[in-house]
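Residue numbers (the working numbering): 202 to 1200. Even glycine gets a Cβ: it sits at the ideal position worked out from N, Cα and C. Note that the structure is a prediction, hence the values are computed from the model and not measured. All remarks here apply to the structure that follows.
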């Protein structure tokens, strides 16, 4: 019976809705009443339903009803008997089954019942005779499809009836295999309600590259309790059915613990034996050498998940090399220790970050309330819990389970107790403390220093302040980072709230009742007891951290006299009597006192060992009389001290690198002693509105960042009687950032150093001339609201080559510069074929219109050629002002471009709260740039090489770019080049240009 399945809809057009567990294809006269009936009965006994076609008339064509039954079955059993090929119905069913196998990997199990698989494959023997008889008079196309289908099904591993002593045993084994395959292929709902899992899976796919036959080892790296195992399980459930063999080895840290003082080889043998036993589901596995995994699996496509690996020896035993596994294999490793992955040479790493605030909220609500958003009355309570435990999924799950089923009233009553005892939760503590216990003594101490005092402080500060306390602070920070116990956010250390609480709980447990014997004090009540006791000796205390809203009313004026080893003191507000500073420890290295309440320091205060002094928003008017030793001082922050009238003599502060005097609005002048500050690299003078003299009293050679914005009374270098009109040339400067915004009388800018990366002259309303050039290709130029700029200055800005951007006021384009201009947001440019290479650079300009407001958000550009997208380009600009021209460069891959025209389409991505007040692009222009050699940023100043990292707070010591990148001292976060990141909304994403895969 001939049929044409090509007239039916393609497989991809029909939904994959599973209707049946099994579709049996068979020749009824051969097997229906005997062998098949027994098979179906055994399947039914295991709860497996099969499609039965008893009601169909065998004289009809294979119609849509039958095809939908095939496509709607998870498994197809093809029962190949002696007369199977006598039926065109059976042969057409087989064609459809093979299509389903090819289209969406439907499982096919062939049963060779009293026929030889070779006869089926080659259409020989009795089976071949029957087939050739059926083919008489049939269309060649149908015959060819049947042959291909028979050949393919014969090559699939199945069951041959002659290999079993009894049919009963064969049928039992068939039913068991079908049951197991259904269990594996059943769609899992285990992860349906997991918030954020879909985005995690989406980020993992480019790393997995499942379409590739390469063998890949992928690392999933993140802090304890962040969800690494959950992601790995979700991947395993999603993809394990696509592999010949699969295994999930969980909790390796504990189940495969590495014994102390053990023989590595013996340990590896034991680990490999356990691994192979679990993979093959065999209880008695004998292994005599470490080549067994390779020998057994080198031709197998396997999926292996090794969960919670913490030692290199575990990987070396189970998945040391990619060539141990067959083509297409994937090995997924979860760990909190990045060094394990690096030591194994693993290049594909997915770093799991904390969920966003919204995701954390939904996670907690799912665990606590069974829905993603809270019921009436629970929103504020849920927010309070999340603020308490942070965004760590482990904490959200444990606390969600704790509150599940509670009424609103009971929930509110339970919160105070939770605050007091959160760090004592056994499940949380067991997981987090395991990671702490694995640290060496030095790293444990550093962990406690961070948890009790230095969390959320800059990495540079931590290194500077602890350099005499540890053998190698930098190495310790590396270790904590790579073990995912700390992360980096905008150059600051970030430890999760639960880890902070764990560290403080460990510190409290050392001396439960004797507070003065602890190293750090964080609890207000404990601090109060120590500072109010005039008699008790508290020589062990090295750090006190009194946080906001924790005032201590009962303190002794001589409280600090009995804290001789105090090195770190942080006070927020008015919690401690300032008179007590008269007896402050001479070992003090860090003093942070926000809103210091009195007008000066006690005369007896000794700052000899101070490294960092923060007195922001203080009531200070002066410091002290005379000269005090400040040789160790590296950072002095007095910002917001509006009553400050004079600075102390700084002649001894020869190592000071940063001085912040922002908003010291009564400060009239800087002391002449500042000329001795040869290492001062960052000077913040923003809004020092009474300051008259600056440049005469500072050493310009060392300055890298200078902010003079809104210094409205500032006089020139020569202290003339007029307001500042111009800046003298900076002959030997390392200046990288110069902020002059709001200097109303500035008329011109001289030649500035080539090291300059950012010039902010916003609202310099008298600025006319730019007697300079800008040679650094990474410079940003901001001349917003500089309406008096002459034409030469505007021409200079627009011609400056920059990989960033330049902005100045303009209502229309300078026509002489832009070959192609167009009203609106898109412009077409013709390529100059003489200057087209693998990539081509263009200068782009846009002007905005539509109102008086500024707008925040990146500008984007989509470049197309002949309808094909070439590049999607995004440029982050601080703000868009109407009536201003923005110029930036775009690099387009043009090697394979066949069209002579490119279309540039610009648009703005509006960010809150400006999304409702949209401006529009008034005009845009494009200029193709010729290939002219440009200076790279490292070439702009031949002799510019900072000898110290101190310039931006990188710590002391030699300048090491790799370390700066690592801890991101500035606005960038540390993100190793080969690590794909996701999750935490507080962390910035830095694209990588390395050879490793980054998403």
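Could you have a look at residue i and say whether DSSP puts it in helix, strand or coil?
i: residue 446; result: strand
i: residue 290; result: helix
i: residue 883; result: strand
i: residue 898; result: helix
i: residue 221; result: strand
i: residue 949; result: strand
i: residue 531; result: strand
i: residue 251; result: strand
i: residue 983; result: strand
i: residue 172; result: In this structure the chain extends from 202 to 1200, so residue 172 is not present and cannot be described.
i: residue 1182; result: Note that residue 1182 scores 39 on pLDDT, short of 50, meaning its location in the model is unreliable; the coordinates nonetheless yield the value given after this. Of the three classes helix, strand and coil, the one that applies to residue 1182 here is strand, per DSSP.
i: residue 1085; result: strand
i: residue 876; result: helix
i: residue 973; result: coil
i: residue 507; result: strand
i: residue 1210; result: Because residue 1210 is not part of the residues shown, which for the chain are 202 to 1200, the question remains open.
Could you tell me which of the options sits nearest to residue i, measuring between CA atoms?
i: residue 913; options: 901, 867, 957; result: 867
i: residue 643; options: 658, 628, 667; result: 667
i: residue 478; options: 783, 697, 450, 1078; result: 450
i: residue 951; options: 963, 945, 968; result: 968
i: residue 976; options: 984, 999, 579; result: 999
i: residue 272; options: 974, 997, 297, 244; result: 297
i: residue 808; options: 854, 780, 819, 799; result: 854
i: residue 791; options: 799, 766, 379; result: 766
i: residue 284; options: 594, 551, 277, 227; result: 227
i: residue 704; options: 636, 758, 729; result: 636
i: residue 1005; options: 278, 1063, 1075; result: 1075
i: residue 241; options: 369, 348, 319; result: 369
So, for residue i: in the same chain, excluding its five sequence neighbours on each side, which residues have a beta-carbon less than 7 angstroms away from its beta-carbon?
i: residue 711; result: 719
i: residue 773; result: 747, 748, 749, 795
i: residue 845; result: 821, 822, 839, 865, 867, 868
i: residue 356; result: 322
i: residue 281; result: 311, 312, 313, 314, 316, 321
i: residue 395; result: 431
i: residue 286; result: 292, 328, 331, 332, 335
i: residue 346; result: 296
Please list, in chain order, all residues of the same chain as residue i whose beta carbon is under 8 angstroms from its beta carbon, the five residues on each side excluded.
i: residue 528; result: 414, 415, 416, 502
i: residue 1014; result: 1022, 1046, 1048, 1086, 1124, 1126
i: residue 898; result: 870, 871, 872, 873, 875, 876
Below 6 angstroms CB to CB, which residues in the same chain sit around residue i once its five sequence neighbours on both sides are set aside?
i: residue 544; result: 513
i: residue 361; result: 313
i: residue 801; result: 823
i: residue 1030; result: 1021, 1103, 1127
i: residue 1239; result: The structure shown does not extend to residue 1239, since the chain is modelled only from 202 through 1200, so no value can be given for it.
i: residue 155; result: In the structure as shown, the chain starts at 202 and stops at 1200, and residue 155 therefore has no counterpart that could be examined.
Would residue i be called buried (16 or more neighbouring beta carbons within 10 Å of its own) or exposed?
i: residue 1050; result: exposed
i: residue 787; result: exposed
i: residue 403; result: exposed
i: residue 631; result: exposed
i: residue 340; result: exposed
i: residue 219; result: exposed
i: residue 236; result: buried
i: residue 1174; result: Residue confidence is low: residue 1174 scores 37 on pLDDT, short of 50, so the model does not pin down where it sits. No coordinate-derived value is stated.
i: residue 1131; result: exposed
i: residue 288; result: buried
i: residue 401; result: buried
i: residue 678; result: buried
i: residue 481; result: exposed
Touching by the beta-carbon criterion (3+ pairs, under 8 angstroms), the stretch 454-467 and the stretch 663-680: no
contact_flag[the stretch 975-982, the stretch 957-967] where n(CB pairs < 8 angstroms) is 3 or more: yes
Inter-stretch contact at 8 angstroms, needing at least 3 Cβ pairs: the stretch 560-571 / the stretch 532-543: no
Inter-stretch contact (C-beta, 8 angstroms, three-pair minimum) for the stretch 405-413 and the stretch 582-599: no
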